[in-house]
Each structure stands twice: as structure tokens, then as C-alpha cells.
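Engineer: Shown below is the structure under consideration.
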Amino acid sequence: MQRGKDVQQVEMEQPQQESILLSLLTARGARGRDAKAFAHATAESQVALSQRPVSRSANIPVNTQEPGFLEVFPRVASRPPRLLQELEALLVDRLRTADKAACTTVLLPKDRDPRMAANLALDSHRQVFAAFVQGFSTYTSLLSRIQAEFEAALGEGVRCAAENVAVRVALGREAERREVAEREAREKIMAEEYEFRRAAFAALQETRERTARLLKRAAVAEKDLEAARAEEARLRVRVGTLATTAARLHTQQQADAAWAATPISASVAPLVVGPLTKEDAAFLEAEYTSAHPGAVPGSPTHSPTARSGAVHALGGQLG
Numbered sequence: 001m002q003r004g005k006d007v008q009q010v011e012m013e014q015p016q017q018e019s020i021l022l023s024l025l026t027a028r029g030a031r032g033r034d035a036k037a038f039a040h041a042t043a044e045s046q047v048a049l050s051q052r053p054v055s056r057s058a059n060i061p062v063n064t065q066e067p068g069f070l071e072v073f074p075r076v077a078s079r080p081p082r083l084l085q086e087l088e089a090l091l092v093d094r095l096r097t098a099d100k101a102a103c104t105t106v107l108l109p110k111d112r113d114p115r116m117a118a119n120l121a122l123d124s125h126r127q128v129f130a131a132f133v134q135g136f137s138t139y140t141s142l143l144s145r146i147q148a149e150f151e152a153a154l155g156e157g158v159r160c161a162a163e164n165v166a167v168r169v170a171l172g173r174e175a176e177r178r179e180v181a182e183r184e185a186r187e188k189i190m191a192e193e194y195e196f197r198r199a200a201f202a203a204l205q206e207t208r209e210r211t212a213r214l215l216k217r218a219a220v221a222e223k224d225l226e227a228a229r230a231e232e233a234r235l236r237v238r239v240g241t242l243a244t245t246a247a248r249l250h251t252q253q254q255a256d257a258a259w260a261a262t263p264i265s266a267s268v269a270p271l272v273v274g275p276l277t278k279e280d281a282a283f284l285e286a287e288y289t290s291a292h293p294g295a296v297p298g299s300p301t302h303s304p305t306a307r308s309g310a311v312h313a314l315g316g317q318l319g
């Protein structure tokens, strides 16, 4: 229980420590900008003093190689300080060495132990900061105290982390046990639902196939319906034509029945009507001419229609 409270307290103090570190880094950046401005002004002052033709003073050196000249500051703003170059080179070399030391395998340099890499990188930055402190003999005491405070805070954090190792191990084991239980529960649920899923998938597949067959039948039925409609329209036209023909035949039948009821039909019915011979045609022509003495060949009264009517009338008279 006490360890849990310690863990909670450490977790609550961690954001505070991070905010303190962030404020310190921000202040350090501001001091860095002020230091750069001071370095630029100092470099210009040194250059101006070195170019003076007057007699040199014992406190202000003219030659840049003489003791007392601020060589750590650049004389030109575009050139970084020599100390900064050396510290950057040292940091790069230490980080490269730490990166190689953190590799877990030889064949795969990308496989690294994250904790070892973090510790080695922190030690590399510590060495570079120590070299930076040693580079300023005037500010060594102040920077050493700052470094000691940071080291003490870091050691306290490491001590707290070491005290909570057992809690972390227990939490890690509990997380692993929970993951295993969750995985087993998922596998059990999947195994129990396998048959149901398989049956549901089979039913779904059967429904899809039945739907496809019904769609094909519907398409065929649509085509048959269109053909039936076309056939119905054709039959309607045919029925209309047959109705007209039937009406005409009925009218003709009534006319034939009326003619059969006349007295002349009894004498005409036994006659055998054959093809009209030349002699009959000449006889009928002569009869027609005698019946119409004023008829001129080629006139309307001498037309085939008029002759046909006359022949029928003559037939009636003969009957």
C-alpha cells in the first residue's frame, strides 16, 4: 500500500519536475541569446582595440594570441566559437559510441536496448556538460553547483525508480496476465461462435444463390411478358381483320339467302356455269348491241361494266 502511494507521489511529482526542467531550459536559451549578443559586442570591442595605434595598456591585450584575450567568443558573428565546435564534436563522438554500445546484435545494428541507449546517451551528455564547465574557469564554481543539483535530482529519481522496481514488475506481470486472459477469452469466443458463423455464412450464401436464380427467372419472365404482349397485339389486329371478314361474309350470306328465296333461283341453281366461250361472247355482244343500238364501242355504255350489267339483265330475262 505504501509502495502504491509512493508510485502515485512519484507520478505526481514527475510533471512538476518536467515543468521545472522546461523552465530551466527556457532560461538557459534566453541566457544563451544574451551570451551570443555579449560575445558579438566583445568581439567587436576586441577588434577595435587591436586596431588602435596608441600604446598598449597592461590590462587590454592587442594580439589575439596573448593571454587574457576572450578566444571562446567569436571575433566574427558568422564563425561559431572554438569551444562550441569542440563540445559539439565531443557530443557526436560520445553519442556514436553509446549507440554502438547499446546494440544488442552485431548483424542488426538497428536492434538496440532502449534503456541502455537512454542511459548511455545521458552519460554522454553528462560528459559534454562536464567539459563545458571545465572550459569556463571563471564560472566553474557556479556551473559545478548547478551540475551537482542536477546530478542529485537525477540520483533521487533513479533511487525512486529503483525502489519501485518490484511494483513495476508486478504491474508488468499483471498486464501480461491480463493480455493472456483477454487473448484466451477471444479465442474461446471465436471457437464457440465458429459453428454459428459457418451456418450463418452457408445460409447467407444459399440466400444469395437463390436470389440470383430468382433474378434470372424474373428476367426471363419479363422477356416472356414482352413477347406475350406483342403476340396479344398481333392477335388483336388479326381478330379485328377476321371480324371485318366475318361481317362481310355474313352480309354476303344474307344476300345469297335473299337471292335464293327469289323464284328465279330455282331455275338458275341447276345450271352449270362454265367458262364463257367465244360464241357466247359474240352472241352476248350482238344481243347487247341490239338492245342498245346507239352504243358506240369505247363509250361508257360500251364499257365492260355496262356489258356485265347487261349480261346479268339478259340472263334474268332468259331465266
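Start counting the sequence shown at 1; every next residue gets the next number (the UniProt record's numbering).
We put the beta carbon where it would ideally sit given N, CA and C, even for glycine.
Values in this document were obtained by computation on a predicted structure and should not be read as measured data.
Assuming contact is defined by CB atoms lying nearer than 8 Å, are Leu143 and Val128 in contact in what I supplied?
Structural biologist: Not in contact: Leu143 and Val128 (Cβ atoms no closer than 8 Å).
Engineer: Measure the alpha-carbon distance for Ser141 versus Ala121 and round it to whole angstroms.
Structural biologist: Those two C-alpha atoms are separated by around 25 Å.
Engineer: What does the alpha-carbon distance come out to for the pair Lys216 and Gln205?
Structural biologist: Taking the straight line joining both Cα atoms gives about 17 Å.
Engineer: Use the C-beta contact count for Arg198: other C-beta atoms within 10 angstroms, 16 or more gives buried, fewer gives exposed.
Structural biologist: Label assigned to Arg198: exposed.
Engineer: Quick one: grab the DSSP three-state call for residue 320.
Structural biologist: Beyond the ends of the chain as shown, which are 1 and 319, falls residue 320; an answer cannot be given.
Engineer: Less than 8 Å between the CB atoms is what I'm expecting for Ala131 and Leu171, so what's the real figure, rounded?
Structural biologist: So it is not a contact: roughly 39 Å between Cβ atoms.
Engineer: Along the chain, where does the alpha helix (DSSP H) that runs through Gly274 open and close?
Structural biologist: First-last for Gly274: undefined, no H or E at that position.
Engineer: Measuring straight from C-alpha to C-alpha, what distance separates Ala228 and Ala243?
Structural biologist: Taking the straight line joining both Cα atoms gives about 22 Å.
Engineer: How many Å lie between Ile264 and Pro270 at the Cα?
Structural biologist: Their backbone Cα atoms lie some 11 Å apart in a straight line.
Engineer: Compute the Euclidean distance between the alpha carbons of Gln253 and Leu235, then round it to the nearest angstrom.
Structural biologist: In a straight line, the C-alpha of Gln253 is about 26 Å away from that of Leu235.
Engineer: Can you name the start and end residues of the alpha helix (DSSP H) that Tyr139 belongs to?
Structural biologist: Counting along the chain, Tyr139 falls outside any alpha helix (DSSP H), and DSSP gives it neither H nor E.
Engineer: Would you mind sorting Ser137 into buried or exposed? The rule is 16 or more other CB atoms within 10 Å of its CB.
Structural biologist: That one is exposed.
Engineer: Taking Arg82 as the reference, which of Asp123, Val92 and Gly135 has the closest Cα?
Structural biologist: Checking every option, the nearest Cα to that of Arg82 belongs to Gly135.
Engineer: Between Ala118 and Asp99, is the Cβ-Cβ spacing less than 8 Å?
Structural biologist: In this structure, Asp99 does not lie closer than 8 Å to Ala118 by Cβ.
Engineer: Taking Ser124 and Leu84 to be in contact with their CB atoms under 8 Å, please state how far apart those CB atoms are, rounded to whole angstroms.
Structural biologist: Not really, about 17 Å apart at Cβ, beyond 8 Å.
Engineer: Do you know offhand how far Ala162's Cα is from Ala153's?
Structural biologist: C-alpha separation (whole angstroms): 14 Å.
Engineer: Ignoring anything shorter than 4 residues, give me the alpha helix (DSSP H) runs that lie fully in the region 123-198, in order along the chain.
Structural biologist: As far as the region 123-198 is concerned, its whole alpha helix (DSSP H) runs of at least 4 residues are 140-163 and 165-192.
Engineer: On the three-state DSSP scale, how would you describe His292?
Structural biologist: If DSSP states are grouped into helix, strand and coil, His292 belongs with coil.
Engineer: Within 10 Å of its beta-carbon, does Tyr139 have 16 or more other beta-carbons around it, so buried, or fewer, so exposed?
Structural biologist: So Tyr139 counts as exposed.
Engineer: Can you give the Cα-Cα distance for Leu284 and Gly240, rounded to whole angstroms?
Structural biologist: Looking at the two C-alpha atoms, the distance is approximately 42 Å.
Engineer: Alpha carbon to alpha carbon, what distance is there between Ala212 and Ala202?
Structural biologist: Going from the Cα of Ala202 to the Cα of Ala212 covers about 15 Å.
Engineer: Just mark Tyr288 as buried or exposed, buried being the case when its beta carbon has 16 or more other beta carbons within 10 Å.
Structural biologist: Buried.
Engineer: Leaving aside the five residues before and after Val92 along the sequence, list all residues of the same chain whose C-beta is less than 7 Å from its C-beta, in chain order.
Structural biologist: Within the same chain, Val92 has no close Cβ partners at all.
Engineer: For Gly157 and Ala175, I'd like the C-alpha separation in whole angstroms.
Structural biologist: Approximately 24 Å between the Cα atoms of the pair.
Engineer: Tell me which residues share the same chain as Trp259 and place their Cβ nearer than 7 Å to its Cβ, disregarding the 5 neighbours each side in the sequence.
Structural biologist: Same-chain partners within the cutoff: Ser265.
Engineer: Using the C-alpha atoms, what's the distance from Arg159 back to Leu168?
Structural biologist: Residue identity differs from the one stated: residue 168 is Arg in this sequence, not Leu. Taking the straight line joining both Cα atoms gives about 14 Å.
Engineer: Kindly indicate which residue of Asn164, Ala166, Glu193 and Arg126 has the alpha-carbon position closest to the one of Ala148.
Structural biologist: Ala148 has its Cα closest to that of Arg126, out of Asn164, Ala166, Glu193 and Arg126.
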